[in-house]
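Numbering (this note's numbering), first residue to last: 64 to 285.
Before any comments, here is the structure.
Right under this line is the structure:
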């Protein structure tokens, strides 16, 4: 079923949000250039190269883009030349980067390019696309963001259904005051380090499996 085309909620979403994203992301890149440099050097020394980790993610209208992050894992391999499990390659330094969200700093370049917004549903994995309901697909009506309504209401500790519902609720009514509120809540949670999971199995690693199991159970009960 084809999605109904998203219509901006008001003048802020239509005319102001994107210019603000561009201006703020460029300012952040310039102001925090020293921090980018320090982290890049530490990543290179402790984890190796490349310093920047890229991964395909679906953005607005489900178009795929390259997401930028500082790498948080090594490239250690077993005797057969296969990469070790994520849990074994994630170092203490990498955990710190994730816990403080400093690994996400390069996403400012995604925002400047127009791939992302400061606020919006978090960009997840392309493999999740077949598992969204028709309503949940509307989370891709807008650019994905660094933070969003779901992130300030539980982040990775929400179950997928609640998380996606909050994502869709955000896309349905984007306002300036609403975004300001989310930004303040994001800063508060960042400073308190609350609801942050560094274990990939608690973040993005099980959505497809959960939905597949749910579908299997529903079919077996028919």
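Every residue, glycine too, gets a C-beta built ideally from N, C-alpha and C.
On a predicted model such as this, the values are computed, not experimentally measured, just so you know.
Practice prompt. Mind checking which residues open and close the beta strand (DSSP E) that includes residue 119?
Written response: 115-121
Fill in: Secondary structure of residue 95, DSSP reduced to three states
coil
Worksheet item: For residue 72, does the three-state DSSP call read helix, strand or coil?
Response: coil
Discussion item. Restricting to Cα atoms, I'd like to know which of 223, 138, 163 is closest to residue 111.
Written reply: Comparing Cα positions, the closest option is 138.
Worksheet item: Between residue 140 and the rest of its own chain, which residues show a CB-CB distance below 7 Å, the 5 nearest in sequence each way excluded?
Response: 146, 147
Worksheet item: What span of residues does the beta strand (DSSP E) with residue 164 cover, start to end?
Response: Careful: residue 164 lies outside any beta strand (DSSP E) and carries neither H nor E.
Worksheet item: In the structure shown, what three-state DSSP assignment does residue 264 receive?
Response: Any reading at residue 264 must be qualified, since the residue scores a pLDDT of 45, below 50, and its modelled position is unreliable; the value itself is stated next. DSSP places residue 264 in helix when its eight states are reduced to three.
Discussion item. Check whether the stretch 93-106 and the stretch 181-199 touch, using three or more Cβ-Cβ pairs below 8 Å as the test.
Written reply: no
Discussion item. For residue 233, report the span of its alpha helix (DSSP H) as first-last.
Written reply: 223-235
Discussion item. With a threshold of 8 Å, are at least 3 pairs of Cβ atoms found where one atom belongs to the stretch 165-177 and the other to the stretch 122-138?
Written reply: yes
Worksheet item: Would residue 155 be called buried (16 or more neighbouring beta carbons within 10 Å of its own) or exposed?
Response: exposed
Worksheet item: How big is the Cα-Cα spacing for residue 233 and residue 94?
Response: 29 Å
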